[in-house]
Every structure is written in C-alpha cells, then in structure tokens.
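Residue numbers (the numbering used here), protein chains in the order written: chain A, 118 to 457; chain B, 118 to 457. The C-beta atom is built at its ideal place from N, Cα and C for all residues, glycine as well. So the structure is just underneath, and the comments pick up after that.
Number of protein chains: 2
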Amino acid sequence: MDVRVLVVGFGHVGRAFARLTALKGSLVERRFGVRVKIVGVVDSRGAALKPEGFSGAELLKVSEVPRSSVCFSEPYGVCGLSLKSLYDSVQPDVHVEVTPSNYVSGEPGLSNVMFALSRGANVVLANKAPLALKFDDIMGSARARGLKVKFRATVMGGSPLIDTVLSLRSHEVKKVYGIFNATTNYILTLMHESLIGLDEALKTAQAMGVAEADPSLDIDGWDAAAKLVILARLLGLKLNISGIARESLSKVTLRDVVEALKRNSVIKHVAGFDALSGEAWVKPETLSSDSVLSKVNGLLNAAVIETDVCDYILIGKGGGPVETAHSLLDDIVSITGGLI
Amino acid sequence: MDVRVLVVGFGHVGRAFARLTALKGSLVERRFGVRVKIVGVVDSRGAALKPEGFSGAELLKVSEVPRSSVCFSEPYGVCGLSLKSLYDSVQPDVHVEVTPSNYVSGEPGLSNVMFALSRGANVVLANKAPLALKFDDIMGSARARGLKVKFRATVMGGSPLIDTVLSLRSHEVKKVYGIFNATTNYILTLMHESLIGLDEALKTAQAMGVAEADPSLDIDGWDAAAKLVILARLLGLKLNISGIARESLSKVTLRDVVEALKRNSVIKHVAGFDALSGEAWVKPETLSSDSVLSKVNGLLNAAVIETDVCDYILIGKGGGPVETAHSLLDDIVSITGGLI
Chain A
118 MDVRVLVVGF
128 GHVGRAFARL
138 TALKGSLVER
148 RFGVRVKIVG
158 VVDSRGAALK
168 PEGFSGAELL
178 KVSEVPRSSV
188 CFSEPYGVCG
198 LSLKSLYDSV
208 QPDVHVEVTP
218 SNYVSGEPGL
228 SNVMFALSRG
238 ANVVLANKAP
248 LALKFDDIMG
258 SARARGLKVK
268 FRATVMGGSP
278 LIDTVLSLRS
288 HEVKKVYGIF
298 NATTNYILTL
308 MHESLIGLDE
318 ALKTAQAMGV
328 AEADPSLDID
338 GWDAAAKLVI
348 LARLLGLKLN
358 ISGIARESLS
368 KVTLRDVVEA
378 LKRNSVIKHV
388 AGFDALSGEA
398 WVKPETLSSD
408 SVLSKVNGLL
418 NAAVIETDVC
428 DYILIGKGGG
438 PVETAHSLLD
448 DIVSITGGLI
Chain B
118 MDVRVLVVGF
128 GHVGRAFARL
138 TALKGSLVER
148 RFGVRVKIVG
158 VVDSRGAALK
168 PEGFSGAELL
178 KVSEVPRSSV
188 CFSEPYGVCG
198 LSLKSLYDSV
208 QPDVHVEVTP
218 SNYVSGEPGL
228 SNVMFALSRG
238 ANVVLANKAP
248 LALKFDDIMG
258 SARARGLKVK
268 FRATVMGGSP
278 LIDTVLSLRS
288 HEVKKVYGIF
298 NATTNYILTL
308 MHESLIGLDE
318 ALKTAQAMGV
328 AEADPSLDID
338 GWDAAAKLVI
348 LARLLGLKLN
358 ISGIARESLS
368 KVTLRDVVEA
378 LKRNSVIKHV
388 AGFDALSGEA
398 WVKPETLSSD
408 SVLSKVNGLL
418 NAAVIETDVC
428 DYILIGKGGG
438 PVETAHSLLD
448 DIVSITGGLI
C-alpha cells in the first residue's frame, strides 16, 4: 500500500523525518506492507515536489539545502505556491505538520491542519500549538470526514506515551503527571550534578543546542502546559492552557538545589493534572531520591499515569529530531493500519 | 457491536474478568461501541452457558460459586460437556483462555486455543504456556484464518507492555530486560527492607497470597523465562524456554543482600534477552541504587526496552486478578477495533 505524504515545515524535525523515511522506508514496508512516499516538502518560502515520490537519495539531498530554501533545489523546487496549489499538484494521503509551535495564534499550523482535513488528508503533527489551542475543532473536523489525526510526537516526542495511554481502554485515568520538558530537566540535572546556578546551566544547555536562544517557552512552563492540554483533551477533559497554574523554573536557585540535596531529595519541574478536580499545574517540586521520577535525568522525560486500577510510569526520550521523526513515521503506519 | 465471549478457566483471573465485565461493560460500550457479552464460563468440570449473554448480576453471582463448580449453578450450569459441544451451543467470537500455565505440556491451554482458532474464534490469553511453547503454531493458525490472538495479560499482566512494544513500529529493538516476576520482586523487597532471609520472606509472601504453596515456577525463573519467550517471539526472535540461562533466586542469601546494601546497591531478579546475540537469562543481579530498576519494589514490574533510537522503561503492576482482567478486556476491545 502506498501512502503519499506531504511534509509541511522543514526545520530539524522535518529534515530528520525525510532522512528517516529514506533510511527505514524499506523496514516499514517489510513489516507493515506500507510504502511511505514523500511527495513534497514545504518551508516558509516554497516547496520541493515530486508527485511520484522522492527516492531515498533525493530525500537525503533535499534535507541538506539551507533553511527556507527547498524551493531553490533543482529540479523539484517551486517557490511561492499556496498550500492549495501544492495539494492540487501532489494530492497527499497524509499531511505531516512540523512547523514551529506558536501558542498565541496557533499559526501557521492551525490553518494548515484545517486545510489538510478539508482536502481529505489525514494529519500527523509534531507541532503542539494547533492541538493545544483547538483540539476539539481539529478532531471534530477529522471525525466528520472519517479522517485520522495522530500526534504521538507532541508529548514525550520520542516515546509512545499517547499510544500507551490509549491502550488503557478500560481504565479510568485519575491523574497524569511527570517530567514533560527535556530542556528544563537537562538544566536541573546540570544544577544538581555540577552545583551551578540556573543562568550558568542555561548557558551550557544553549551551547549544547538543548535550549533555545529565547528559552522562555520551556523555562516558564508553556511547553509542558501545552502537552498537558493535549493529554487531557485526549482523555476527554476540557483543559485549556490558560487554566494551568504555571510556576517558572527561573525562581529555582542553587541554594534551593543544595537544600534539597541535603534532605536526600532533588528538584524537578513537574507538570500534571487531576482528571477529577480539573486542576492542572507546572511547578518546581522537591522529590525524595527514593522516587522513580527523581532518577529521570538529563534529556529524559517521564509520565506517571494514575488510574482506577493501578499506576504506570513510562520513561523515555522527550524529543530530539531523530526520536520525534520515528514518532511521526509510527503514526503514519498506524493511520494506514499497523499491527496494533 | 456485540462480542460473544467464552471464558475458559474460572479461577481468580476468570472470575475477576467476569466481575470486571459486569462492572465496566457499559463504560467500554460507551467508549468504543463494543458490547462484551459473556456467553459462557468453563471450569474443569463443566460450564455455565447463556447464549444470549449473562447480565451483570448473573456474572457477579456465577463468580461466587465454589471452585470447579460452575456446572452446578442454577439455571445455566451444564456438567461434563466437551469444548466442541460448548462451541456448538454458544458460538463465541472471542475465546478467553485463563486456565493455569503448564510449561511441560502446555495443556489444557494449548489444545483449547488451537480448537478455538479452528472454530473461527479470536483468542485472548492470560495463560502463558501455550505461547511460550508453541507461539509460531498458534500465530500461524490464526493468520491462516484471518483471526487475532492477543496476550497483553501474559507479560507484566496488569501493564500494557506488549502494546507499548508493538507501538514502536519503526524501531529495531536491541535488548529487553527487567523485572517480570512480581512474586520474586516482593520477596526480594522484604529481604532488603526487613533484613530477613529468603525462607522467611517466602513464608510471608505465601501468607499474603503473593507466592504459591509450590513457589518454584517463580523462584526458579520459569515464569519470567516464559515471559521472555513471548516477548522475543513477538519481535520475531526464535527464543525457546530451554535456551534461557536460569539462575534461581534461592541462592540469594541475607548476607548477599546486606553486602549489596553496604555498596549502595540492591539485588533484583532480572530477566532479559539480547535480540542480536540471541542470549537470554534470568538471574539475580546487583543494581546501583542510582538506577531506576532499583526503585521498582514490591509487586511492581518493570521493562527496559533498548532500541536503535533510544531506551524506554515501563513500570507497572505485574499481575493481580483485577489488573489482569483489565488487560483481557482491553485486548477484546482491541480485537474488535479499538481507538489505537
């Protein structure tokens, strides 16, 4: 079975996805009988299109053009086309939305996703903002058209948390909490291990490419809050990003860290919601070193899922382009009818 | 959509499943549009059958008859019928196999499962033995008939490990290891926390109903080994239970525990396999208290899944009748087309 895929957004994650499809396309075809054909990649200035699907070598090549320049790549580049013209030209089955997250307007992801659904394409997202802002609109539009929207990459990007939660079909989820932002966890780990302050840890994280030049989406908890909204909506809860009590990591000092260590504890930036009360929070918490979460360091994420039956913990990579690309590819296979 | 279910084996797990279906049947129907109808329950002497499906109250009632006596329960009991006659009478869509695990012959589970498939029923198992001994035969028979076999309850019984592993569609799993037996983990936790020897801890575990009168299947690693075989086969590896190096927990002394604690470590009974070399083992291992697995205590299980992309850890309940019953119900929903 052929699946025609349009990749919208072509930064680190979009490129990692193109390379991964080149690398593992044949593995996925052998396992699931699904041939993933990338028919177009789109950035802010234009696209590279090949209606019959790029070869592996072509995908590797197009992944190396400079930022916002795929439309200049020979011979498939086309500059300045509207999404509508792109759709007319390549007619994708699956739209992969990997533009940057914008929590104010949700754009350009939100319009892109709604357009994709209107044109009969299934949607796979790594961009969190459209779901964090308009989950019900997107799902409603998909449902009305019999289309699927998958978004494993949006929460614990490299780990199958969403699939794990959905597989608890007969459970009632009471509470979900954990470490959902790899940047702040990396910074906190540095503070505990090297006994340095937040500013110094942040600089190291920025030098390592783990933190953005403007780290506020991570440090102030917006990123984790968006993930909570997506998880909560997945479970049918009406949580909005504005309803989440956010405490920035920026108030945590080296002194706090030292005090915690003295008490055989560590500080983590924990995000969670209570499904019964509707309360949701992102805040620094002091955790005993006996707890599993206290051992989740560096770029790892962890989720605790408390249900009416028992509790589960999933630990894994929070993001990273290669890990996120695997989640996108897994979602595409699952849309087309995977093993589960 | 109605799903007609025959429950074969009516001990702790079979009864928990009947009660759970009574309790959560309407939740599952609301969420997935699937009405789970138990049309028969079978024990070693006979069955209680109701072709139109038992009501919730009837399920609670039949779950309270003494062991091996459902055939005497009025008005639906029938004694001494063959499985063939039972199938003729209630025509199930799904066969739930919850007879005890027998790692010598695999019986009665193995014959029951093969018969169910020959009659066009999908199969859900909590009994590990048929899969540990004849995985390929069972799957081959199912595949040839377009039927499904699900077995989440067989490994980390209360946790969705199998679904989580299957959801890693584009990963190559390199190694799986962890704590897969709740009884030995409970015993080891008692030894570390109360500084008692294995015999004393075992007696407590038996008194708590956590260990069997004959605990050898757990202590000597047979149970964990069977789980490894199922996980390995799921991933396409040709592992047999006889090919697993088993070291019994019985050689672990209180002195070993004290020595480990002195070195800021703990002893765990760890089971695992290496997908590349084919090696597989169940053995006591000394783990640093910095590791996540060292914090997995009591009746919890944990699995570490090492892949070519990154590593994942899932922690959750290993068994327990209620937890296992949820896994059975989740598998039935997934067979009939759940959300994932």
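So residue i packs on residue j, CB below 8 Å; how close in whole Å?
i                      : j                      : result
residue 130 of chain B : residue 403 of chain B : The Cβ separation is near 34 Å, so there is no contact.
residue 334 of chain A : residue 390 of chain A : That pair is no contact at about 19 Å.
residue 397 of chain B : residue 362 of chain B : 7 Å
residue 314 of chain B : residue 370 of chain B : 7 Å
residue 266 of chain B : residue 293 of chain B : The pair is not a contact, with the Cβ atoms about 20 Å apart (cut-off 8 Å).
residue 213 of chain B : residue 125 of chain B : 7 Å
residue 153 of chain A : residue 138 of chain A : 5 Å
residue 304 of chain B : residue 351 of chain B : Their Cβ separation, rounded to whole angstroms, is 28 Å, which puts residue 304 of chain B and residue 351 of chain B out of contact at 8 Å.
residue 435 of chain A : residue 219 of chain A : The pair is not a contact, with the Cβ atoms about 20 Å apart (cut-off 8 Å).
residue 453 of chain B : residue 151 of chain B : 5 Å
residue 273 of chain A : residue 374 of chain A : The pair is not a contact, with the Cβ atoms about 25 Å apart (cut-off 8 Å).
residue 121 of chain B : residue 207 of chain B : 7 Å
Using DSSP bridges, identify the partner residues of residue i.
i                      : result
residue 388 of chain B : B:295 and B:399
residue 434 of chain B : B:417
residue 153 of chain A : A:120
residue 422 of chain A : A:293 and A:429
residue 404 of chain B : B:383
residue 159 of chain B : B:125 and B:164
residue 362 of chain A : A:398
Identify the continuous alpha helix (DSSP H) that holds residue i and give its terminal residues.
i                      : result
residue 175 of chain A : 173 to 179
residue 205 of chain B : 200 to 207
Quick check on DSSP: helix, strand or coil for residue i?
i                      : result
residue 288 of chain A : coil
residue 214 of chain A : strand
residue 165 of chain B : strand
residue 428 of chain A : strand
residue 184 of chain A : coil
residue 145 of chain B : helix
residue 310 of chain A : helix
residue 440 of chain B : helix
residue 368 of chain B : helix
residue 453 of chain A : coil
residue 131 of chain B : helix
residue 354 of chain A : coil
residue 136 of chain A : helix
residue 411 of chain A : helix
residue 219 of chain A : coil
residue 393 of chain B : coil
residue 191 of chain A : coil
residue 447 of chain B : helix
Under DSSP, the beta strand (DSSP E) around residue i begins and ends at which residues?
i                      : result
residue 380 of chain B : Looking at the DSSP string, residue 380 of chain B is not in any beta strand (DSSP E), and its letter there is neither H nor E.
residue 195 of chain B : 194 to 196
Is residue i near the ligand FMN, going by C-beta to nearest heavy atom under 6 Å?
i                      : result
residue 229 of chain A : This structure lacks the ligand FMN; in fact it carries no ligand of any kind.
For a minimum of 3 consecutive residues, which ranges assigned as the beta strand (DSSP E) are wholly contained in the segment 221 to 279 of chain A? 239 to 242
Runs of alpha helix (DSSP H) wholly within the segment 321 to 346 of chain A (minimum 4 residues, chain order): 333 to 336
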